[in-house]
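The structure under discussion appears below in the form of C-alpha cells.
Protein chains: 2
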Amino acid sequence: MSKPDGESNTHTGRYTEPVPTSNLVNDGDDFPEFEPFDDDATPRSYAPSAGAIAVVNVDMCQPINKPNHNTTAYDNPNLVVRRGQEFLMRISFNRLLSQGDDFQVEFLIGSNPSPSKGTLIAVTFGSRRGGPWAGRILELQGPSVVVGITPTANAVVGKFRTYVAVVTGNGMQRTRRDARTDMYLLYNAWCPEDPVFVPNDAERREYVLNDVGVIYQGAVGAVSHRNWMYGQFERGILDACIYILDSSRMPIYNRGNIIQLVRKGSAMLNSQDDNGVLVGNWSDDYSMGQPPTAWTGSVQILLQYANTGVPVCFAQCWVFAGVFNTFLRCLGIPSRVITNFSSAHDNTGNLKTDLIFKMDGTPDRRHTRDSIWNYHCWNEVFISRHDLPPGLSGWQVVDATPQETSDGLYRCGPSSVAAIKEGLLCHPFDSGFVFAEVNSDVVFHKRDRYGTLSPYRVDKLHIGQLIYTKAVGSFSPQDVTHTYKYPEGSGEDASTMARAEAYGCERDHSELGESQLTVSINIQPVQVSQDVILAVDFQNQGDIPRTVKAHLDGSVVYYTGVTRKHFKDYDFTVVVPANETEQVILKVAAEEYMPHLGSQLGLRFVVTGESDDQPLTAIKVIELGTPALTMTVSGQPQVQQEMFVTVSFTNPYDFALKNANLAMEGPGLMSSRTRSYSVIEPGMSISWKESFIPRLDGPRRLVAVMVSDNLRQVWGEVDVDILP
Amino acid sequence: MSKPDGESNTHTGRYTEPVPTSNLVNDGDDFPEFEPFDDDATPRSYAPSAGAIAVVNVDMCQPINKPNHNTTAYDNPNLVVRRGQEFLMRISFNRLLSQGDDFQVEFLIGSNPSPSKGTLIAVTFGSRRGGPWAGRILELQGPSVVVGITPTANAVVGKFRTYVAVVTGNGMQRTRRDARTDMYLLYNAWCPEDPVFVPNDAERREYVLNDVGVIYQGAVGAVSHRNWMYGQFERGILDACIYILDSSRMPIYNRGNIIQLVRKGSAMLNSQDDNGVLVGNWSDDYSMGQPPTAWTGSVQILLQYANTGVPVCFAQCWVFAGVFNTFLRCLGIPSRVITNFSSAHDNTGNLKTDLIFKMDGTPDRRHTRDSIWNYHCWNEVFISRHDLPPGLSGWQVVDATPQETSDGLYRCGPSSVAAIKEGLLCHPFDSGFVFAEVNSDVVFHKRDRYGTLSPYRVDKLHIGQLIYTKAVGSFSPQDVTHTYKYPEGSGEDASTMARAEAYGCERDHSELGESQLTVSINIQPVQVSQDVILAVDFQNQGDIPRTVKAHLDGSVVYYTGVTRKHFKDYDFTVVVPANETEQVILKVAAEEYMPHLGSQLGLRFVVTGESDDQPLTAIKVIELGTPALTMTVSGQPQVQQEMFVTVSFTNPYDFALKNANLAMEGPGLMSSRTRSYSVIEPGMSISWKESFIPRLDGPRRLVAVMVSDNLRQVWGEVDVDILP
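Chains as they are written, first to last, in my numbering: chain F, 201 to 924; chain L, 201 to 924.
Structure follows, in C-alpha cells:
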C-alpha cells in the first residue's frame, strides 16, 4: 500500500492506516470485484450464480448533468458536478430488475476510503440503510434504471471513483474500475446549504463562472488595470488544482471544509515552506524565469506546475492573486481579486508605518525599515463562517503573497471583511495583519544627531485610501473601500480603532501641535519618456508670512515602495504669504529618470521643507503610462468556426525596444501563443496574426502583452461575442 | 551584509533591508567607534579632543542584578535579566563627570537594528529624549556612575549587545563591542505589565524556576509518572533556545510578542515543516536514534540540536512536551506539562471518535480509522490574552507534538483553556482541535454486510476523563479536568456543547434506545510478566434473564491506541439473571502477551457480546508496571562539595535483559551520564556509582532510567537537599 510522502514507518504506531493525502489511487486498491459477505457461513462461490443480475453499462449522463450543475464550460472528459444538488446516472443491467434485486452505487476518493470519514459513500435506493448521500430511482426503462443521487452539501471535494455493486446470493458483485465514470465533485454556490452559497445569480456568474478578469494596479489618482485570464475551465486546470492539494498533502477528509481548504490554498500558491505553485521575485532580474509582468493569465502557470511539480518562476502580488483566483473558481468557490492602494507592509502587525527623515529634512533611507506598497493585491472568497459569531460571514480575505508576519508563516486568511470593518480582531485568521494593511497611520519621524527618533507628523489618511475590485458583469472597477472601513473621522471609525487597540494593535499617540504650514504635490498623468511636471502647493494658514527652505527628492521605486534608484535632489526656497497658497512648478526631464527605470514604472517624489523649525513633508507616487497593443479580430464569431486575431504595435520612442516577447491568450477561444522580436527599432511597426477556433460561446476576451528589456507592461485586448 | 537564510536577491525590491531573523551578528556591523554627527558641518576630527570624557569600564553588576531578577540559577557568564524591571550598570569614566557631559547606553539585537523596531534602544539619563527604556542615575562615586535601566515590559526578548556612547564635540564616541557585556533579556512573570505576569509567588517558583518535573502517563485507573529533568538553567540551554528561534527565522521584531513566540515554538519543537528540534517516531524501531523512553530530560536534546543543527531522534508526546517546557521556562514564560487521559485524535476536528465492529461483534480493525490515545501530553502557558475578549486569559494550551489536523500544519495553540471550557471555539488558535481532544464522543458502529455503518452505542464519558499536571511545590498530581470541562451532565456542560456545535463541531445525534444490558471490565494493577486477571461484570437491568454470547479480544497497543499485536480471542457464554450482575473472571497468562510486548507496556482488552440482537461492548486499557532502580546518595550535601550516587538493580525476571542502557542526570547537581550492560542475567544485580559536585542549593532530584531490548521504562529517583 502506498504511504503519503514524508510518512515513513516511524509512524506505524501513530495511525491505524496512513492518512490519505492524495486524490490518486492505484488501480485495484479499492475492492475485489467479488466481495463475499463477512457473515456468510456457507461455502463461498466466487462466480455469480446463473440468472443473477449484472451491470452491463454505467452512463454518467453528462449532457443532462453539466448544464444543470453549471459545469458545461469545463474542458474535461469526465462528469463535473456540484455538491448538495442531484445528478443523474443511468445504469443498464443484463435483464429487467425484479423484486428482491438489490444494488448500490459507491463513490470512493483517496486511498483507504472509509464511510466514517466521508471518503467511501454507498448510495442505496430502497429501504436498506446506506451512506449519507440521498438516492432515488427516477425512471425504469426496460433493463435500464435512471437514478438521482444528491451528495451532501458538506461532502469531500475532489475526484471520486464510481462503482455499481449488485447483491448476489452470498456477496457483492462490483463493476470494474472505469476511469470514464470518475466524477469530479465541487463546491456549490447555487446550493443554500453549502457554506459558499451566493444568493444572487449575477454574482454567481461573475465570481464562479467568469474566466476573464481585470486586476487594478498603479497608484491612487493614477489607477491602471491589467487583464488576467483566469481560465479555470481550460483543459487540465481542474486536475492541476487537485494536484496542488495533493502536493500539499492535505488530508482528503478535510477537502470538503471550505475554511481549511482556502487556508491551505493560500499557503500552497506560494513556494515558501511547501514547494507550492509560484516563486516570488521582487528584483529586476528575472533571468531564471518569466518576468511577473509577462504572464497573461493562470493557465500556463498551473499546467507547468502540474506537469513538473516544480514551483514556477516568477510572481509578484497580482500573479499570486490571479492564479489563486483560478484555483478557487475552478473548485467552485466564489472569489474575486482585490487591490488595496497604499498598502502598509512589514510593520510587524502594529498600526504604524514609520518613515524616518534626517535633521536636514531629507528622507533617511538607511534607517527607514517600513514601506508602503503602491498597491497590493489579495483575494476575497464568499463564505458562511459557521466557526465565528453571527455577522462575520460573507467576503473573507485570503492572501497567497508570502508575508513575513502572518503568523510567522507564508499564508493568510480567511479573515472576515466585516470583522475588519468593526475592528473585531479576536477571531481567526490573521485579521490583525489585514487590518494593519488598510488602517495603519504613517508616522513621520525626525532622527536627531544621537540616533533618537521624534515623530513630527502623523498621516491617518494615506494608507488604504482606495480598495478596488472588478464590478459584477462589467469591466469597470467597483470601490469596496466602505466594506473594509467606516468613513475616516466618523464615530463608527473611532469605535473600530478603539476596539482594534483593545485587541493589541499598537497605534501612535504622539501629541503633535497642529501645523499651520502644509505642502502637497499634484502631477498630471505621464507616459514613459515624457517630462514630469510637479505642481507643489505650500499652504500657509497662519497670520504671518513664512519662508520655506525646501527640497525635492526623486526616485524610481518598485511597486512595494522600496527605492530602486534615487535620481534627483533639488533645493529651492519659497516665501508663502500669510493665509495664502504659493504654488511652485518643478519639471523633471525624461532624461533624468529614463536611465534608471529598469523594468519599473513607478516614480516617487518627496518634497520636504522647514520653516522656523517646523518640518513639512509631502509624498507623491505616480505610475508612468505605456503605449498599447492594437488588436483586431476577423472571421465568423461562432463556436467551432475558424477566426483570426491580429496584434499590431508601432514603437513610438526614439530608442529601440530589445528582446520583445509577446504573449496572447483567451479562455474558451485560444490557448497561449507567443512570439518574439529581437529588436523593434524606433518608429518600426510589427503585426502578428494567429488563427483560433472558439470552444465556448458568449462574450469573450483575447488579451496580449509585450515585455521587452527596456519597456514592460504593454497591453492590448479585444472583445468578441461568440455565437453558439 | 549578511542576508537571512532563504532570502536571495530576488527580494531586493521587497524589503528596504533584509528582515533580521538571527540574534547573532557579525562584529563591526553595529557602529563605527566614532560616529560624527550627520549635521556637523565643521571639518571632521575622528579622534576625541583632549580632556574629553571617555569610558574606561562597564560593569553589568551581576551579583546585584541576578538575585533581583531571579536569574541566579542560569549557568551563563553573562547577565540575565527580565524585562519591565530595573537592573543596574556601573560605568567608569576617565575623569569625574562634569556639567555638560552627555552619555547614553545603547542596546542592540539582531542585524540592522532600528529604534523604530525596538531592536536598537538608546537609554538617556538627563533631559535629552531617548528610547523607550527608562534610565536614571542612582549613584555617583568619583569617576564611576551607577545607573538604573528599566526595559519596557513588551521589549524584544533575546541577547542584546551593550554599548556606552559619550558625546564629544562633534560626534559620538562608543565603547568597543565586548561580548562580556552582552545581556540576555527574558519574559518576566514577576512584572504586572508583562503579559506573562503570575501574581502568586509559589506558582512563579514552580512554573518558571523549577527545573525538575514529573509527567503523568499510563491510563485512567493506572496512572504512572515519569520524571523529567527540564534543566532550563544548565550551561548552553539559554543559547540553545535562542538558536531555535534563529533556526526558525522568526523576525527579531516579533520575539517580544508572547503569542507569536509560543506559537512559533510549538512549530519549531518538531522537525516537520521546518527542520525543528525533535523527530517523532511511534514505531518500535529506534535503531537510527535514541528511543523516546530513554531520555531523562531536555538538556542533552537541546544541546545536541544547538551543536549540530540537525533534528534529534526520537520523540513521542511527552518528549515534545518536556523539551517545550524547558524552552518556555528558560525564556521566562510560566508553563507546565499536562496529561490528558483517553485523548481523542485524528478525528478531523469533529466530536466523534468512530470505533467499528463486525457483525459478529469483534473489533473491525481494518475499517477503524480513529484512535484514542491512552494519554496525550501537551503544555500550558500562563498568558494575558490581550488579543481576545476578557475572560480568556490565564492558562493556554500549546502542543508541540505534530498533529495532522491542526490548521493543516504542525503547530497548535495558544488556545485558551477558559474558552475550551465555555465552548467558545471562535477564537485563535486551534481551540476546536483541543476541544475535540477532551470532549469527543466515542461512537460504536456495527458494519453490515454491505459495508454500511450503523451506530449502536455512544459513550460520552470516555474521552478526556482525567487531565493531570504536577502540583505546585510537590511531586503529587493536580487534577485540572475542571478547568477544561464542566461536570458531565450539568447545565453548563450542555451550554458548552451547544456553543461548540454552533461553531461547527459535528456531534453524533443518533437516536439509540437505552440498553438494559451492559458490561464492564475491571483489572487490578499488574506488573510486567504477571498474569492478568479480568473481572468482567455483565449487568442486567431488565426483568427477564438474558443469555450473552460474549467474546474477549486482547491486544498489545501503542500508547496512541494503535494495535501493535492482537494476541487473544476467546469465546464464552454467560447467563445473566434479571436485575442482577453476573461476574466472569478471565485469566490471561503472562506467556500469552509477553512475546508480543516489544517496547510497549499497554494492553487493551475488548469484551463484546450480543443478546437478542442487542450488542454490548466494554474496553479496558492497562499499563503494565515495571520494577524500579534503587538510588542512594552519600557525601556532604553542600554546594561545591563532592558527593556520590549509586544506582542499583536486580533482574527479577526469569529472562535476561539484553543491551541495557542506563542514563542519569540531575539539574544543578550533575550533567547526563550513561552506562551500558550487554546483558543482565536473571537474578543478577548491577551497581553503578558516580561522583558529582552540586552547583545549586535547595531541594534537588537525581533520576536514572534503564532501557533494554526487552524491558523499557525502568526508573529510579532520589531527592537530596543541598546546603548553600
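Just so it is clear, CB atoms sit at the ideal spot from N, CA and C, and this is done for glycine as well. This structure is a prediction, so every number in the text was calculated from the model and none was measured.
| said: Can you tell me whether TRP888/L is helix, strand or coil according to DSSP? | reply: strand
| message | Taking a contact to mean a Cβ-Cβ separation below 8 Å, would you say HIS751/F touches ASP737/F in this structure? | response | no
| So, is the C-beta of ASP587/F closer than 8 Å to a C-beta in chain L? | yes
| said: In this structure, how does DSSP classify ILE337/L when only helix, strand and coil are distinguished? | reply: strand
| message | Taking the beta carbon of MET864/F as the centre, do at least 16 other beta carbons fall within 10 Å, making it buried, or is it exposed? | response | buried
| Which partner residues does PRO677/L have in the DSSP bridge list? | LYS670/L
| Relative to the alpha-carbon of HIS627/L, which residue among GLN603/L, LEU592/L and ARG647/L has its alpha-carbon at the smallest distance? | LEU592/L
| query | At a CB-CB cut-off below 9 Å, which residues of chain L make contact with GLN304/F? | reply | TYR650, GLY651 and THR652
| task | Could you tell me which of THR272/F, GLY691/F, GLU791/F and GLN836/F sits nearest to TYR384/F, measuring between CA atoms? | result | THR272/F
| field | Whole runs of the beta strand (DSSP E) within the segment 764-824 of chain F, excluding any shorter than 3 residues | value | 780-788, 802-811 and 814-823
| query | GLY754/F versus chain L: which residues are under 7 Å apart at the beta carbon? | reply | What GLY754/F touches in chain L: nothing, since even the nearest Cβ is about 17 Å away.
| query | At a Cβ threshold of 8 Å, is ALA618/L touching chain F? | reply | no
| Run of the beta strand (DSSP E) containing VAL523/L, from where it starts to where it stops | Looking at the DSSP string, VAL523/L is not in any beta strand (DSSP E); the run it does join, the alpha helix (DSSP H), is 517-530.
| said: For ASP301/L and VAL367/L, I'd like the C-alpha separation in whole angstroms. | reply: 7 Å
| task | Look up ARG244/F in the DSSP assignment and say whether it is helix, strand or coil. | result | Note on ARG244/F: pLDDT 49, under 50, position unreliable in the model; the coordinate value appears next. Coil, per DSSP.
| request: For chain L, find out if any of its Cβ atoms is closer than 8 Å to the Cβ of GLU393/F; answer yes or no. | output: no
| Cα separation between ILE459/L and ASP378/F? | 51 Å
| task | Output, in sequence order along the chain, the residues in the segment 304-320 of chain L whose CB is closer than 7 Å to any CB in chain F. | result | GLN304, SER314, PRO315, SER316 and LYS317
| query | Tell me the DSSP bridge mates of GLN417/F? | reply | SER424/F
| said: Strictly below 7 Å CB to CB, what residues from chain L border ASN481/F? | reply: THR210
| request: Take the Cβ of GLN783/F as the centre, count every other Cβ of all protein chains shown within 10 Å, and call the residue buried at 16 or more, exposed below. | output: exposed
| task | Just grab the DSSP bridge partners of ALA904/L for me. | result | MET864/L and GLY916/L
| field | Straight-line Cα distance separating ILE886/F from PRO852/F | value | 12 Å
| field | DSSP bridge partner residues for SER615/F (one or two, in chain order) | value | VAL597/F
| field | DSSP beta-bridge partners of TYR877/L | value | ALA860/L
| query | Taking any Cβ of chain F, which residues in the segment 789-811 of chain L have a Cβ under 9 Å from it, in chain order? | reply | GLN800
| task | Counting only the same chain and skipping the five closest in sequence on each side, list residues whose C-beta sits under 6 Å from that of LYS558/L. | result | ASP564
| Segment limits, alpha helix (DSSP H) that includes LEU502/F | 499-508
| field | Min CB distance VAL762/F to chain L below 8 Å | value | yes
| Where PRO924/F falls, given that 16 or more other Cβ within 10 Å makes a residue buried | exposed
| request: Identify whether HIS662/F lies in helix, strand or coil by the three-state DSSP scheme. | output: coil
| field | Residues sharing a beta bridge with ASN740/F, DSSP | value | LEU717/F and GLU780/F
| message | To the nearest angstrom, how far is the alpha carbon of PRO795/L from that of LEU712/L? | response | 41 Å
| Contact check, GLY613/F vs ARG463/F under 8 Å by CB: the rounded distance? | 7 Å
| query | Does DSSP put ALA844/L in a helix, a strand or coil? | reply | The sequence given here places Phe at residue 844/L; Ala does not occur at that position. Three-state DSSP puts PHE844/L in a strand.
| Smallest Cα separation from ALA818/L: which of PRO395/L, GLN304/L, GLY561/L and ASP411/L? | GLY561/L
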